[in-house]
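Numbering (our numbering), first residue to last: 59 to 1004. Ideal Cβ placement from N, Cα and C applies to all residues, glycine included. Model, not experiment: these values are computed from the prediction.
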C-alpha cells in the first residue's frame, strides 16, 4: 500500500545518492516502482530514452532520404519474400518428445535479449550426435518463435559432409531467402572468393540491419563461417546445429549460448516410441518398461533411431523389437535401426530408398521417385508413403520428402553394394529425361512451343497451368541439385531440362537460381549449355533494368552461337538483343538485329520463334512512327502464335497491338487488345505482363481524356511493377502518372513524378525513355512557371530540358519526338520575344513531321507558324499578317481525318485575331489565348495506316 509514494519520499531524503542520474539507489527504486505501476517493458523503453538524452549532443541527423524507384521496388520485394519465408521451413510434423525444455530455454534467451538495451543477435549452438534431433529442434524453435521475427531461413552448411557449402554460396542463399535485391543474386562476380565473400558479407549485414529474422545454420563446423553469417546489427535468432561444440571467438557481437542436445531419457524415449507408433495408425501398445528401456539403449536414446525403430513397435511389440535390434550386434545405433527397417521393406521400396541417394540433398516428390524407379507416379507415391511410415524418409511439407544425412549415407552404401554401375547410370539418366519432359511441358503450357524446345505437347496430368507452375515451384531446387550430379547423362536431355528451368526462372523472377544455373554450366560446359543459360541471363538483366549488362551479355551470346554455326540459337539471341537495343532507344540498330533474326527464322519449323521476333520488331516500328508496318507485323505474329498455340506469345502481341491503337487514337481498339492481353497474362501466370497491361490500360484512359481515372489506375500498376522489381515498367508508369497529374492541374506532383521517371531512365541508360521524360518534364516545368508569373519569361530550365530532349531524339533518330520538342521550344522562344528563332523551329518541325508523313503534327507546325508570322516576317507586321492569313486559309481548306479537333477551334480564333489586326507591341498572343497544342495533341500520330 502506498509503495510509489513512499519510494518518492525516500528519493527526496537521499539527494546525494539517489538524486544522481543513473545512481544505483535511484535506479533500484525506479525499477521497483516500474514493476508495481507499469511493468518491465515500459521501464526499459524509458531508460533507453533517458540514456540517449544523457549522451553528448551530436550533429542532427539528416532526414531519411525518400526511397528512389529502385529502392521502393527492392523494399516491396523484401516484404513479400520475408512474408513467404516461413513457408519454406520444413513442416514440424510427427511426434516431438523430450525437447520441450530446450524450446523453453531458447525462448527465454530470446526474450532476455529483447529486454536488453543493446541490439545484437542471440546465437544458440545446438550440438549433439547425428540423429540426436538437433535440426528438428532448431526448426521447431523457428516455428515456435515465428511471431517474434520477420522472416526465417534454413541453410545447410554441410560441415560434416566432406563437401561443405562455401561461405559465398551460403550468403547468396540467405540473401535470396531473406529478400535481397535480385541483381545481387544474378550477376556473380569473377573476382577472388575472398573479395566476393567480403562484398556479399557487407551487403548481407546491410540488408539485415534492424531486421529481426531467424536463421538456422545447419551442420556447421567452421567458426569463421558462423561469424560471417551472423547478422550483427539486429535482434535476430541464429540457431547453429553442429556435431560438437564450436569454438566461437570471444569478441563475437552476440548473446552466445550453448545447448547440448543429448540422448533422450527414459520418459522422453517412451513418449517418442509411442508417438511414432500412434502416428503410424497403430492402436494402443502394451506397456513394457523393461523392453522399452532396452530399445532406448539399443537406439542410443537418439530420436532418429527411435523413430525408425518405433515405426514397427505396434507390429512387433516392445519385447520383440528389442530382440530384433539386438540381433544386429555392436553397430552404430542409427545404422542398427536402419538395417532393421530396411530389411522389413519389400524389394521395390528398398530399391527406391537406394536410388534416392542419387537425388542429392534437396527434397523431392513422386515424379522424381517414379523416374528413378522407372514406375508410374501413383506407385512411386505409394512407396514413398511406405518409406515415410517406416521412418526412412522425412516428410518436409505436403508431398515433399527428403533423406536424413545418416539415411542418405546408408542408402548410398546399399546402392553401391547392391546395384551395378549401369543400373545407377540408367536411373540417373531417366531422372533427367523425365524432368526435362515434365518441365518442358510446363513451360510449353505457358508459351506454346517457343524456343529450341519446339515439339509436340503431351499431357502430363497437370489439371491447370497454375498447378503445373506450383509443381515446378516445388521441384526447382531438386532439379538444380540433380543437374549437379548429371555426369555421363545424355547432354540433349540436360539441355532440355536447363532450358525449361531457365525459362521458369525468368517467368517467376527467380534470378538467384538463374545465377546458380549460370555458374553450374560455366563450370561443367563451354558449349550449347552455357550459351543457352547466358542468353537467359541477358534477358534477366534486361528485366532488372541493367540494359548495358544485358546488351553486352546478349552480344557475346550472338557471337558464340555464330561461332558454333547454330542459326536457331543465334536468331533467338538476336531477337533478345534487338529488344534490349529498343529499350535503350537505339531503334535503328534494334530494327536491324530483329530483321536479321527474322531472316534466320524463315523455315516453317521456326515459325513460332519468328512470331516473337515479329512482334518485337512491330514495337520498334511503332516508336519509329511506321504504324502501318507495325500493324502488318502484328497481324502476322498473331496468326503464327495462334497456330503454335502460344498464349504467352499472343498476350505480348495483343499488348503491342494495344499500344499501336493508342498511337492511332483508337481507344476502343486499344482497350479490347489490352484487356485480351491482360486476360492471357493472367492465364499464363505472367505477373510482369499483367503489370504492363494495367499501365497501358490506364494510359488509354489518359488518351481518352479521363485523367482522374488514369491516376486511379496508374497507382496500383506502379505497385505491381515494384513488386516485380521491374524498373523499366516502374519508370514508364511514373511517366504516364506525371502526364495524368498534369491534366488534373496538379503540376507540382506531375513534375515530381516525371523527375523520378527521368532519373530511372537515366540510370538504366534508356535514351528513348529519358528523352520522353525530359520532353514532358520541360513542358510541365514551363507551364508551372508560366502559371506563377503569367508569362513565358524566365523559362531557362524548361528550355534546357527540352534542348536535351531534342538532342536525344535526334541522336536516336526519332523524328516524332524531335518534331514535337521543336514546337515546345518554339513556344518558349516566342514567349521570350524571339519570334524569328521560334519561326525557324516551326519550319524544322514541319520538315520532321513530313519525313514520316505525320499530317496531325504538320498541321500544328503550320498553325504555330501562322501565329508567329506577324511578329517575325522581314516585311513587317502587315506583310506578315497577310501571309499568315493566306497560309491559315490553305491549312484549313486541306482537311483530313487525323486532324486534331482542337486545331479547328484555334484556327477560327486566329482568323478573327488576324482580321482585327496585330500590334507588335502586344507581343505574341497565342499562348495567352490558348492557341497552342496541348499534351494530348502529341499522343496521336497522324500517319497513314492503310
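Fill in: Residue interval of the alpha helix (DSSP H) (run including residue 361)
Unbroken alpha helix (DSSP H) run through residue 361: 361-368.
Worksheet item: Within this structure, are the beta carbons of residue 603 and residue 861 separated by less than 8 Å?
Response: Their beta carbons are not under 8 Å apart, which means residue 603 does not touch residue 861 by this criterion.
Worksheet item: Ordered along the chain, which non-local residues of its own chain (more than five positions away) have a Cβ less than 6 Å from that of residue 856?
Response: Here the set comprises 836, 839 and 840.
Worksheet entry | Nearest residue (CA-CA) to residue 961, options 916, 384, 334 and 1003 | Comparing alpha-carbon positions, the option among 916, 384, 334 and 1003 lying closest to residue 961 turns out to be 916.
Worksheet item: What three-state label does DSSP hand residue 458 in the structure shown?
Response: Reduced to three states, the DSSP call for residue 458 is strand.
Worksheet item: Hey, residue 492 and residue 429 are a contact pair by Cβ (cut 8 Å); roughly how many whole angstroms apart?
Response: Yes, residue 492 and residue 429 are in contact; Cβ-Cβ is about 4 Å, under 8 Å.
Fill in: Distance CB(residue 464)-CB(residue 362) smaller than 8 Å
Going by C-beta atoms, residue 464 is nearer than 8 Å to residue 362.
Discussion item. Rounding to the nearest angstrom, what Cα-Cα distance links residue 869 and residue 880 in this structure?
Written reply: Roughly 15 Å separates the two Cα atoms.
Discussion item. Can you find the residues in the same chain that come closer than 8 Å, C-beta to C-beta, to residue 691, ignoring five residues on each side of it along the sequence?
Written reply: For residue 691, where only same-chain residues beyond five positions count, the Cβ hits under 8 Å are 672, 673, 675, 676 and 679.
Item to complete: Check the C-beta distance from residue 669 over to residue 695 and give it rounded, since I have them as a contact under 8 Å.
Response: Right, the Cβ-Cβ distance comes to about 5 Å (below 8 Å), so this counts as a contact.
Practice prompt. Select from 920, 928 and 872 the residue whose C-alpha is nearest the C-alpha of residue 891.
Written response: Out of 920, 928 and 872, 928 has the C-alpha closest to the C-alpha of residue 891.
Discussion item. Quick check: what's the CA-CA separation for residue 116 versus residue 177?
Written reply: Reliability of the predicted coordinates at residue 116 is poor, the pLDDT of 38 falling under 50, and no value is obtained from them.
Item to complete: Mind reading off the beta-carbon distance from residue 912 to residue 981? Whole number of angstroms is fine, and I expect it under 8 Å.
Response: Wrong, their Cβ atoms sit about 30 Å apart, outside the cutoff.
Worksheet item: Per DSSP, residue 836 forms a beta bridge with which residues?
Response: BP columns for residue 836 are empty, so no partner.
Item to complete: Give the secondary structure of residue 236 by DSSP, where H, G and I count as helix, E and B as strand, and everything else as coil.
Response: Coil, per DSSP.
Practice prompt. Find out if the Cβ-Cβ distance for the pair residue 266, residue 239 is shorter than 8 Å.
Written response: Taking 8 Å as the Cβ cut-off, residue 266 and residue 239 do not qualify as a contacting pair.
Worksheet item: With 16 other CB atoms within 10 Å as the buried threshold, where does residue 436 fall?
Response: Label assigned to residue 436: exposed.
Worksheet item: Buried or exposed: where does residue 334 fall if 16 or more other Cβ atoms within 10 Å of its Cβ makes it buried?
Response: It is buried - the Cβ of residue 334 has at least 16 other Cβ atoms within 10 Å.
Discussion item. Could you give the first and the last residue of the continuous beta strand (DSSP E) run that contains residue 422?
Written reply: Premise fails: residue 422 is in no beta strand (DSSP E) and is neither H nor E.
Discussion item. Measuring straight from C-alpha to C-alpha, what distance separates residue 371 and residue 485?
Written reply: Taking the straight line joining both Cα atoms gives about 34 Å.
Worksheet item: Whose C-beta lies closer than 6 Å to the C-beta of residue 883 among residues of the same chain, with five residues either side of it excluded?
Response: Closer than 6 Å at Cβ, skipping near neighbours: 860 and 899.
Worksheet item: Looking only at its own chain, which residues have a Cβ that is under 8 Å from the Cβ of residue 1007, when we skip the five neighbours before and after it?
Response: Here the chain has residues from 59 to 1004 only, and residue 1007 is not among them.
Practice prompt. Please name the residue in 746, 794 and 788 whose C-alpha comes closest to that of residue 767.
Written response: Minimum Cα distance to residue 767 is reached at 794.
Worksheet item: For residue 758, which residues from the same chain have a beta carbon less than 8 Å from its beta carbon, with the 5 sequence-adjacent residues on both sides left out?
Response: Scanning its chain for C-beta atoms nearer than 8 Å, with the 5 sequence neighbours on each side dropped, one finds around residue 758 the residues 716, 720, 725, 728, 729 and 732, in chain order.
Worksheet item: Apart from the five residues just before and just after residue 735, which ones in its own chain have a Cβ nearer than 6 Å to its Cβ?
Response: Contacts found: 709, 712, 713 and 751.
Worksheet entry | Residue closest to residue 947, alpha-carbon to alpha-carbon, out of 969, 933, 407 and 963 | Here the closest residue by C-alpha is 969.
Item to complete: Label residue 169 either buried or exposed according to how many other C-beta atoms from any shown protein chain fall within 10 Å of its C-beta, with 16 as the threshold for buried.
Response: Taking every protein chain shown into account, the CB of residue 169 has fewer than 16 other CB atoms within 10 angstroms, so this residue is exposed.
Fill in: Between the CA atoms of residue 490 and residue 518 - distance to the nearest angstrom
The predicted model places residue 518 with a pLDDT of 44, which falls under 50 and marks its position as unreliable, so this point remains unresolved.
Discussion item. On the CB-based measure, 16 or more other CB atoms within 10 Å of its CB, does residue 787 come out buried or exposed?
Written reply: Under a 10 Å Cβ-count criterion, residue 787 is classified as buried, with 16 or more other Cβ atoms of the shown protein chains found around its own Cβ.
Discussion item. Which of the three DSSP states is assigned to residue 451 in this structure?
Written reply: Correct three-state label for residue 451: coil.
Discussion item. Give me the residue from 226, 230 and 234 with the minimum Cα distance to residue 255.
Written reply: Of 226, 230 and 234, the residue nearest in Cα terms is 226.
Fill in: residue 15 in three-state terms, based on DSSP
Because the chain is modelled from 59 through 1004, residue 15 falls outside the range shown and cannot be assessed.
Worksheet item: What distance in whole Å lies between the Cβ atoms of residue 935 and residue 897, which are believed to be in contact at a cut-off of 8 Å?
Response: Wrong, their Cβ atoms sit about 14 Å apart, outside the cutoff.
Item to complete: Could you pull out every residue in the same chain whose Cβ sits closer than 8 Å to the Cβ of residue 410, ignoring the five residues on either side in sequence?
Response: These residues qualify, in order along the chain: 427, 430, 431, 438, 441, 442 and 445.
Fill in: Cβ-Cβ separation, residue 820 to residue 798 (assumed contact under 8 Å), whole Å
Rounded, the Cβ-Cβ distance is 22 Å, inconsistent with contact.
Worksheet item: Do the CB positions of residue 300 and residue 185 come within less than 8 Å of each other?
Response: Their beta carbons are under 8 Å apart, which means residue 300 touches residue 185 by this criterion.
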